[in-house]
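Right, one structure below, let's go through it.
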């Protein structure tokens, strides 16, 4: 080791430490990169997620036909649907429509099978609960009639928007090709 | 303090008790007061501040949930650690294992005896003050080696051995750098060293001559290494040794090691302030003349701020530099720092023969150089801030 390289080692150490410390000090006066979750964020994270994000399942029972396609397609049977004939009104109605979020593996097979787009993935992902029972989503708290699609399109204004939302979901996101066909059009 | 207790004994406050017993009780009480009023909050707040400063330098937020800005985080952590189970591995040497944290802690806490917080605020102004600090901080290495050996764990043992080698090596440059100041001050007493300096930067030993300026940085680097701080924290390098000598510790005993580490930061800063930065010296203002309480408070604040600035610098270095390898650590000590500290020592000795007028000009020039360095540093910082790409700045939804 020559004297020149010895001195160069020392000056290198001093100058690089000096430069490095100026960089870290400049970071001290910058704002943090990380977002403080869950508060102090301008927009909820759910609203910033992409549309095809497969969050916790949600069901719009108003447009559910009760075909049980989702229950049959679910590989781990996390969806349980009960349908009974109401003897007074002579109409079939849901007694329960439960999805166990604990079991759900977010494969999306149910939402692809749904004919009306009633069952679909939401942007919701916060599923923390104090007990596993709290993670079972009950979509039919009281008995509710099945939806019957009318020939020639829906006429009731409240249901029109819901049918459109379901159809849009099916066209854009719940197709096996990932909505590529809809994008090409 | 002894005079005050003597006065109490003469007034008959401790009737019938032997004098030695009263002294012993007074010492225990003083130690407890210092520990609970000053050292524990200091180490705790330092632990919080370190995590916070470190986070901000890495563009994170850091702990900010317990109390305003998270300042009570240390209380939450301390209570959590006190309530945790105190595990002793079955294969460990139980007695040594439980003793080790207290040896480390004692080595750190004993230094507070001679730290001069103010002109009159010192537990004991020993005439060998700085030598005493060097001696009792060597106890830390005994405790660390004890912890490493007694854990009966190869990571712990490797950490303890590394630590012993490191601390023993780095005591040489630290001691030699301190020796330059002892030559200049002509005394080992902490108060004596401070009284040999003045309140202005041109009177500090840091700017006395170019060699003491170098000795300061050598001392600070060596002290960081003795305190097992990054970039010299190979005894507890988590990427290699899990946690080194603290691997097997849990709960209260684990807390004691980190208590000592964070408290030790302040000791490093306090010794650096005493030796190089004029200690508690305040400008001789007119308002201090007939107001000893105000003078004492001003001295305490001055000393505390100067010492805590070096605590901040230690945190800053930890956020800047990566950990060095074992061979690099030893090379840095034996190939660079030991020869350089000898150069500083001999240079200072030679400088003491320079006429007093020239010495005063040199210290003024060195103080100017120090100011210039600080200005150049902040110019670089503003340059770095401007250089940062806009996408590095806060953007909420990437």
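Protein chains in written order, with my numbering: chain A, 884 to 1068; chain B, 440 to 837.
We treat Cβ as the ideally placed atom computed from N, Cα and C, and that holds for glycine.
Short Cβ contact (8 Å threshold) for residue i with residue j
i                      : j                       : result
residue 580 of chain B : residue 607 of chain B  : yes
residue 629 of chain B : residue 707 of chain B  : no
residue 473 of chain B : residue 551 of chain B  : yes
residue 689 of chain B : residue 526 of chain B  : yes
residue 602 of chain B : residue 686 of chain B  : no
residue 599 of chain B : residue 623 of chain B  : no
residue 915 of chain A : residue 495 of chain B  : yes
residue 760 of chain B : residue 900 of chain A  : yes
residue 994 of chain A : residue 1002 of chain A : yes
residue 704 of chain B : residue 753 of chain B  : yes
residue 547 of chain B : residue 699 of chain B  : yes
residue 971 of chain A : residue 964 of chain A  : no
Chain A within 8 Å of residue i, Cβ atoms only
i                      : result
residue 760 of chain B : yes
residue 782 of chain B : no
residue 707 of chain B : no
residue 833 of chain B : The predicted model places residue 833 of chain B with a pLDDT of 49, which falls under 50 and marks its position as unreliable; any figure quoted below should be read in that light. Chain A contact via Cβ: present.
residue 748 of chain B : no
residue 836 of chain B : Its pLDDT being 36, under 50, residue 836 of chain B is placed unreliably in this model, and the value from its coordinates should be taken loosely. Yes, because at least one Cβ of chain A sits closer than 8 Å to the Cβ of residue 836 of chain B.
residue 662 of chain B : no
residue 775 of chain B : yes
residue 484 of chain B : no
residue 699 of chain B : no
residue 819 of chain B : yes
residue 808 of chain B : no
residue 496 of chain B : yes
residue 764 of chain B : no
residue 646 of chain B : no
residue 755 of chain B : yes
residue 827 of chain B : yes
residue 499 of chain B : yes
residue 823 of chain B : yes
Continuous beta strand (DSSP E) stretch holding residue i: start and end
i                       : result
residue 941 of chain A  : 940-942
residue 814 of chain B  : Looking at the DSSP string, residue 814 of chain B is not in any beta strand (DSSP E); the run it does join, the alpha helix (DSSP H), is 795-826.
residue 974 of chain A  : 974-983
residue 1014 of chain A : Premise fails: residue 1014 of chain A is in no beta strand (DSSP E) and is neither H nor E.
residue 963 of chain A  : 962-969
residue 621 of chain B  : Looking at the DSSP string, residue 621 of chain B is not in any beta strand (DSSP E); the run it does join, the alpha helix (DSSP H), is 593-624.
residue 1003 of chain A : 1002-1004
Interface flag, residue i vs chain B, CB-CB below 8 Å
i                       : result
residue 912 of chain A  : yes
residue 1036 of chain A : no
residue 893 of chain A  : yes
residue 965 of chain A  : no
residue 933 of chain A  : no
residue 929 of chain A  : no
residue 915 of chain A  : yes
residue 905 of chain A  : yes
residue 909 of chain A  : yes
residue 900 of chain A  : yes
residue 1050 of chain A : no
Unbroken alpha helix (DSSP H) run spanning residue i, endpoints
i                       : result
residue 581 of chain B  : 568-589
residue 1019 of chain A : Premise fails: residue 1019 of chain A lies in the beta strand (DSSP E), 1019-1021, not in any alpha helix (DSSP H).
residue 519 of chain B  : 512-522
residue 1041 of chain A : 1040-1055
residue 1031 of chain A : Careful: residue 1031 of chain A lies outside any alpha helix (DSSP H) and carries neither H nor E.
residue 958 of chain A  : Per DSSP, residue 958 of chain A belongs to no alpha helix (DSSP H) and is neither H nor E.
residue 886 of chain A  : 886-911
residue 456 of chain B  : Element bounds for residue 456 of chain B: n/a, residue is neither H nor E.
residue 1069 of chain A : Here chain A covers residues 884 to 1068 and nothing more, so residue 1069 of chain A does not appear.
residue 547 of chain B  : 533-548
residue 496 of chain B  : 479-496
Report task. Tell me, please, whether the segment 1013-1025 of chain A touches the segment 977-997 of chain A by the rule of three or more beta-carbon pairs shorter than 8 Å. Result -> Segments in contact, yes.
Query - Cβ pair count under 8 Å reaching 3, the segment 609-618 of chain B against the segment 686-695 of chain B - result: Not touching, per the Cβ criterion.
Query raised in the report: Is there contact here, the segment 717-737 of chain B with the segment 571-586 of chain B, by at least three beta-carbon pairs under 8 Å?
Result: Flag = no, the segment 717-737 of chain B and the segment 571-586 of chain B do not touch.
Query raised in the report: Taking contact to mean at least 3 C-beta pairs separated by less than 8 Å, is the segment 945-959 of chain A in contact with the segment 990-997 of chain A?
Result: As far as the Cβ criterion goes, the segment 945-959 of chain A touches the segment 990-997 of chain A, which means the pair count is three or higher.
Query raised in the report: Are the segment 783-793 of chain B and the segment 644-658 of chain B in contact at 8 Å, needing three or more beta carbon pairs?
Result: Yes, they touch.
Query raised in the report: For the segment 910-930 of chain A against the segment 940-951 of chain A, are there 3 or more C-beta pairs whose distance is under 8 Å?
Result: No, because fewer than three Cβ pairs between the segment 910-930 of chain A and the segment 940-951 of chain A fall closer than 8 Å, the two stretches do not touch.
Requested in this report: Would you check if the segment 672-680 of chain B and the segment 771-783 of chain B touch, i.e. whether three or more CB-CB distances between them fall below 8 Å?
Outcome: Short answer: they don't touch.
Query - Start-end ranges of the alpha helix (DSSP H) lying completely within the segment 707-777 of chain B, minimum 4 residues - result: DSSP assignment within the segment 707-777 of chain B yields the following whole alpha helix (DSSP H) runs of 4 residues or more, N-terminal first: 731-759 and 765-770.
Requested in this report: Could you tell me which uninterrupted alpha helix (DSSP H) segments, each at least 4 residues in length, are contained entirely in the segment 628-667 of chain B, listed from first to last along the chain?
Outcome: Runs found: 629-634 and 649-665.
Query raised in the report: Do three or more CB pairs link the segment 904-912 of chain A to the segment 811-822 of chain B at distances below 8 Å?
Result: Here the segment 904-912 of chain A makes contact with the segment 811-822 of chain B; the two share three or more CB pairs at distances below 8 Å.
Report task. Identify each residue in the segment 998-1010 of chain A for which the Cβ-Cβ distance to at least one residue of chain E is less than 9 Å, and report them in chain order. Result -> Here chain E cannot be found, since the structure's protein chains are A and B.
Query raised in the report: Taking contact to mean at least 3 C-beta pairs separated by less than 8 Å, is the segment 514-523 of chain B in contact with the segment 539-549 of chain B?
Result: Here the segment 514-523 of chain B does not lie against the segment 539-549 of chain B, with fewer than 3 beta-carbon pairs under 8 Å apart.
Query raised in the report: Taking contact to mean at least 3 C-beta pairs separated by less than 8 Å, is the segment 442-451 of chain B in contact with the segment 659-670 of chain B?
Result: These segments do not touch.
Query raised in the report: Touching or not, the segment 797-806 of chain B and the segment 629-638 of chain B, by the rule of three or more beta carbon pairs under 8 Å?
Result: The segment 797-806 of chain B, when compared against the segment 629-638 of chain B, does not touch it at the 8 Å Cβ threshold.
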